[in-house]
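All residue numbers for the sequence shown refer to the working numbering, where the first residue is -15 and numbers rise by one.
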Amino acid sequence: MSAGSDNKDAAWTFLEWLQSTDGGEKLYTERGEIFPALQSTANSPAFLTDTPPANKQGILTEAAAADVGGFGYFPEWGELSGSIIEPGMEKIWAGEAEAEAGLTDICNQVDAFLAEKGYPKQ
């Protein structure tokens, strides 16, 4: 809120609602307008629905396992990135593949790679 606000109490009340699991966080999450900042909202039906993106639980699982400055590394990441993701993205960026078709192809190849390496689809 602005330091010059004429009604700081009302502004604070609104901000508390806006950032609450039962208020703005829920409303905007249900509408697909935001990725929830609160774990309570992220783990609620407001987020964990069948609407895109698929496998929202995977996002939460990764976030729970992440450390500050870390990312979801696994031993085969270099092979996956170098053999499938990077070459596929380069084709899209070079205009050699349409984005939608190229990304679909990358996703299919990634799914097959992960299945082959024994990573369960979640």
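Note that the Cβ used here is the ideal one computed from N, Cα and C, for glycine as well.
- By a beta-carbon distance limit of 8 Å, T35 contacts G16. Their separation comes to about 6 Å.
- F97 and A83 have their C-alpha atoms roughly 21 Å apart.
- In this structure, G86 places its C-beta atom within 8 Å of the C-beta atom of I76.
- Counting the other CB atoms within 10 Å of its CB gives A26 a total of 16 or more, which places it among the buried residues.
- Sequence-distant partners of W1 (beyond 5 residues in either direction) whose C-beta falls short of 7 Å from its own C-beta, in its chain, are G7, G8.
- Judged by DSSP in its simplified three-state form, Y12 adopts helix.
- Comparing C-alpha distances from S24 to each of D95, V94, L44 shows the shortest one belongs to L44.
- Counting along the chain, P71 sits inside the alpha helix (DSSP H) bounded by residues 70 to 77.
- Y12 and F(-2) have their C-alpha atoms roughly 15 Å apart.
- The three-state secondary structure of F31, taken from DSSP, is coil.
- Residue burial is scored here from C-beta neighbours: G42 has fewer than 16 other C-beta atoms within 10 angstroms and is therefore classed as exposed.
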